[in-house]
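Protein chains: 2
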Amino acid sequence: MIQMAVLGFGTVGSGVVELIDQNQDVIKRTIPEGIFVKHILDLREFPDSPYCDRVTHDYQDILEDEEITVICETMGGKNPAYAFTKAALERGISVCTSNKELVAAHGPELLSIAAKNNCSYLFEASVGGGIPLIRPINACLKQEKITAVYGILNGTTNYIITRMEKAGLSFEASLKEAQEKGYAERNPAADVEGHDACRKIAILSSLICGKTVRYEDIPCEGITGITTTDFSYARAMNMAIKLLGVCRVAEDGSISVRTAPFLVRENHPLHSVQDVFNGVFVHGNMVDDLMFYGRGAGKFPTASAVVSDVIECAKNIGRTVEFVWDNEIVPLSDPMNESYRYFVRVSSAEAAKAGEIFGRLSEIRFEGMPEDEFAFVTPKMTEGEIRKTLNCFVSASKEQRIRLLED
Amino acid sequence: MIQMAVLGFGTVGSGVVELIDQNQDVIKRTIPEGIFVKHILDLREFPDSPYCDRVTHDYQDILEDEEITVICETMGGKNPAYAFTKAALERGISVCTSNKELVAAHGPELLSIAAKNNCSYLFEASVGGGIPLIRPINACLKQEKITAVYGILNGTTNYIITRMEKAGLSFEASLKEAQEKGYAERNPAADVEGHDACRKIAILSSLICGKTVRYEDIPCEGITGITTTDFSYARAMNMAIKLLGVCRVAEDGSISVRTAPFLVRENHPLHSVQDVFNGVFVHGNMVDDLMFYGRGAGKFPTASAVVSDVIECAKNIGRTVEFVWDNEIVPLSDPMNESYRYFVRVSSAEAAKAGEIFGRLSEIRFEGMPEDEFAFVTPKMTEGEIRKTLNCFVSASKEQRIRLLED
Chain B
1 MIQMAVLGFG TVGSGVVELI DQNQDVIKRT IPEGIFVKHI LDLREFPDSP
51 YCDRVTHDYQ DILEDEEITV ICETMGGKNP AYAFTKAALE RGISVCTSNK
101 ELVAAHGPEL LSIAAKNNCS YLFEASVGGG IPLIRPINAC LKQEKITAVY
151 GILNGTTNYI ITRMEKAGLS FEASLKEAQE KGYAERNPAA DVEGHDACRK
201 IAILSSLICG KTVRYEDIPC EGITGITTTD FSYARAMNMA IKLLGVCRVA
251 EDGSISVRTA PFLVRENHPL HSVQDVFNGV FVHGNMVDDL MFYGRGAGKF
301 PTASAVVSDV IECAKNIGRT VEFVWDNEIV PLSDPMNESY RYFVRVSSAE
351 AAKAGEIFGR LSEIRFEGMP EDEFAFVTPK MTEGEIRKTL NCFVSASKEQ
401 RIRLLED
Chain A
408 MIQMAVLGFG TVGSGVVELI DQNQDVIKRT IPEGIFVKHI LDLREFPDSP
458 YCDRVTHDYQ DILEDEEITV ICETMGGKNP AYAFTKAALE RGISVCTSNK
508 ELVAAHGPEL LSIAAKNNCS YLFEASVGGG IPLIRPINAC LKQEKITAVY
558 GILNGTTNYI ITRMEKAGLS FEASLKEAQE KGYAERNPAA DVEGHDACRK
608 IAILSSLICG KTVRYEDIPC EGITGITTTD FSYARAMNMA IKLLGVCRVA
658 EDGSISVRTA PFLVRENHPL HSVQDVFNGV FVHGNMVDDL MFYGRGAGKF
708 PTASAVVSDV IECAKNIGRT VEFVWDNEIV PLSDPMNESY RYFVRVSSAE
758 AAKAGEIFGR LSEIRFEGMP EDEFAFVTPK MTEGEIRKTL NCFVSASKEQ
808 RIRLLED
């Protein structure tokens, strides 16, 4: 029997323990000896839990138990998860994690410690919740020059956006609902300001280029500036606004990465990715477009991804599941040189000036739109150009624009 | 270096050879020694091909070459592919195939021969073209009770449907276009009558239940009966018509499988799967809905899936990549007991009768609809009931109905 431990008995950690119990019979089709959660590490006691007898407060109990071959790190945060993970891998214990913060910060180092100790560091649950994504990229697309990976990577903000769009709720009301449903944390900054999506696109970007894309280097905008009026304009254009992480590899090999809200046209498959669902596009030079879709958040979907990694470890005891992810840092290309079309709102008084600057524009209108406003989509231009141009308007700051996603 | 052979130098086979050449540098990131196509088996000569010196007409040249560790079988059809595959596996040579006909007919037998000889039989390209689908199901979802798998599995018919829907072309004109673009074969029966989708859903159904679902047991309808008028009605309901393969596992474990056109609501992600793209939904008890999306046909997407299998073989020389797919045949549940809502067209004269039979119905109308016609959606009822009921109408045969996809 595969004996394992879970670090952190929160939402995901308890999901892992419960999933392994509930689906033990299907797991045994692949791992005939079965998987057993022997230890649960948490600072808290859980007197009412059926698993209370397995709870320990001392990590040494787990590290020194020679029966343990796999640890699930579902604590989140860099510390003490980093030290705990390192200590386990150094002893040859594989670690499966949902902790994108740690993976984005220390992925290559932890992978190389795992390789040295004939065990694995797996992180399927760190991006895209329950969607099989990391393993398909790592095991099914090695014949491809991947030139783009982009998508909806944060379930919480996609839920908020969906509620603003479909139910006309304000940002604040949607956020409150997301918190009540357990999708958003009490401090929602990491989600709504785009940092979580940014970490995830950093991980995906690193995997497709085999080197390290630092999430601190990625230009990052969240959804806090989007209003219900923006959604109405989007609908008038048959588009949806989605928070995307986008990574593109240019012909010369230079890499641009960005997290920001984008306008997505109606017949793009990301358009219908709603609620807490995530959708991730991958473009390869031979296979063309792929999309992976599923629940990007939630107890059991995320736990499912963690347990899929546990099974992978169990099938590879004594071996390392390899990743190509070097710690060499990739310099990103200058974000000011990226080109997009932009959705822009200015005052009616400045409509004529907009026409002078951008050429002939079609006005975007909807029933009940703000009076004295003129909204339009610019021709394709660089970030540098649009910033400079928008400075000519009194009524638009350089931030008041939404990029259009082009395929 | 991994030395391999390709059987059949048609569209997919030549795609495999060209892909390996063009993307050799990226392949070497995973297989540092590289992959080399040493032999190409075909009845024809290819004097103008840069690969003409590798062409052989004698399979023994390949079988007896001890350097060969992997064979790509891209011939299609059962014979001689079956005998060739068996002979290779018996010698411990792994086989990667795009041949759904052979996989559907002999999958479990060939897998067990591979297992006995410490090599692998892989068939990623047999379903969903370039989409990573078979490996994710086999390697990422073993912790799930999968209760449904369904989707658009045939790129050719989806292309035809898209052209009928978007460009208003007739079935015949769309088919002709698909043939000109190389998506449809000269004899399109396997595609348009649903047999190809049927084989693919048989393979997927077998993988999720671990036993054999025979494609001959699956009720199969194609798209030859769908008219542009049906598409207009679908649009009036904000739905699209898609040819789906559907497999559902009921709570009691009984399995129902079907291939037929379905009406798909607008906000379902399959709705926006167009042209030759495929989209496959998988529902697990923990992860909920997943979708895998990409090109379901075409030279390089399909070749990409074949080569991903070659890389998997190269990483597992001397080992078997395992599948749970027993040759025990699964009895499917009686298709007459499946329940759906149905879209039905009768004559205006029979509208009153329809109301009597089905209760209050809302008529589906569109500008320019056929005069003297009454179209509606029934309440949920079994296949048996709808057949019996439609027999009461002079103007509707039991075949004139389209099922609604429900999630």
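Just so you know, the protein sequences line up as chains B and A, in that order. Just so we're aligned: 404 in this note's numbering is position 404 of the first sequence, and the numbers increase by one with no gaps anywhere. Just so we're aligned: 474 in this note's numbering is position 67 of the second sequence, and the numbers increase by one with no gaps anywhere. Glycine included, each C-beta is placed from N, C-alpha and C at the ideal position. For clarity, every value in this text was computed on a predicted model and none was experimentally measured.
Does any residue of chain A bring its CB to less than 9 angstroms from the CB of B:R235? no
CA nearest to the CA of B:I35, picked from B:N316, B:L41, B:D61, B:V310: B:V310
Taking A:K649 as part of the beta strand (DSSP E), name the residues at either end of that continuous run. 646-656
Taking the alpha-carbon positions, what's the B:R54 to B:V6 distance? 10 angstroms
Exposed or buried, what is A:K805 when buried is set at 16 or more other beta-carbons lying within 10 Å of its beta-carbon? Here A:K805 scores only 48 on pLDDT, less than 50, and its place in the model is too uncertain to base an answer on.
Which of the three DSSP states is assigned to B:P431 in this structure? No information on residue 431 of chain B is available, as it lies outside the stretch 1 to 407 that chain B covers here.
My assumption, with CB atoms under 8 angstroms, is that A:F707 sits in contact with A:L426. Please give the rounded CB distance. 6 angstroms
Along the chain, where does the beta strand (DSSP E) containing B:D288 start, and where does it finish? Under the DSSP assignment, B:D288 falls in the beta strand (DSSP E) whose first and last residues are 288-295.
Should A:V714 be flagged as near chain B, meaning a C-beta pair shorter than 9 angstroms? A:V714 counts as touching chain B.
Comparing alpha-carbon positions, which option in A:L548, A:V687, A:G703 lies nearest B:F292? A:V687
According to DSSP, is A:Q681 part of a helix, a strand, or is it coil? coil
Cβ of A:F750 within 9 angstroms of Cβ of A:L811? yes
Quick one: give me the first and last residue of the beta strand (DSSP E) that B:G148 is part of. The amino acid occupying residue 148 of chain B in the given sequence is Ala; Gly does not appear at that position. First-last of the beta strand (DSSP E) with B:A148: 146-152.
Where A:S533 and A:S505 are concerned, what is the direct C-alpha to C-alpha distance, given to the nearest angstrom? If I take the Cα positions, the gap works out to 4 angstroms.
For B:T382, which residues does DSSP report across the bridge? B:S339
Hey, how far is the Cα of A:I633 from the Cα of A:A641? 11 angstroms
Based on Cα-Cα distance, which residue from A:A657, A:S612, A:E452, A:R665 lies nearest to A:A511? A:S612
Using a Cβ cut-off of 9 angstroms, which residues of the segment 490-512 of chain A contact any Cβ in chain B, in chain order? none
Could you name the residues of the same chain whose beta carbon sits closer than 6 angstroms to that of B:E406, not counting the 5 residues immediately before and after it, in chain order? Annotation for B:E406: no residue places its beta carbon closer than 6 angstroms to its own, counting only its chain and skipping 5 residues before and after.
Taking only beta carbons into account, state which residues of the segment 531-561 of chain A come closer than 8 angstroms to chain B, listed in chain order. E531, G537, I538, P539, R542, P543, A546, C547, L548, K549, Q550, E551, K552
Distance CB(A:A609)-CB(A:R621) smaller than 9 angstroms: yes
Under 9 angstroms between C-beta atoms, does B:M286 make it to chain A? yes
In chain order, what residues of the segment 13-32 of chain B put their CB closer than 7 angstroms to some CB of chain A? Within the segment 13-32 of chain B, the qualifying residues are L19, N23, V26, I27, R29, T30.
Verify whether the separation of the beta carbon atoms of B:A148 and B:C247 is less than 9 angstroms. yes
Counted within 10 angstroms of its Cβ, other Cβ atoms place A:M743 as buried (16 or more) or exposed: exposed
Using a Cβ-Cβ cutoff of less than 6 angstroms, which residues in the same chain neighbour A:S802 once the five nearest sequence positions on both sides are dropped? If we look at A:S802 and ignore the five residues flanking it on each side, its Cβ neighbours are V753, S754, E757.
Name the chain B residues that come within less than 8 angstroms of A:G701, Cβ to Cβ? V287, D288, D289, L290, M291
Would you check if the segment 314-326 of chain B and the segment 375-387 of chain B touch, i.e. whether three or more CB-CB distances between them fall below 8 angstroms? The count of Cβ pairs closer than 8 angstroms, one atom from the segment 375-387 of chain B and one from the segment 314-326 of chain B, stays below three, leaving the stretches out of contact.
Check whether chain A comes within 9 angstroms of B:N267, counting only Cβ atoms and requiring the distance to be less than that. B:N267 counts as touching chain A.
Any idea if A:M693 is buried or exposed, counting beta-carbon neighbours within 10 angstroms, 16 or more meaning buried? buried
So A:T564 and A:D598 are supposed to be a Cβ contact under 8 angstroms. How far apart are they, rounded? 5 angstroms
Environment of B:K100 [buried if 16+ CB atoms lie within 10 Å]: buried
If you reduce the DSSP assignment to three classes, tell me which class B:E373 lands in. strand
Using a Cβ cut-off of 7 angstroms, which residues of the segment 596-626 of chain A contact any Cβ in chain B, in chain order? G617
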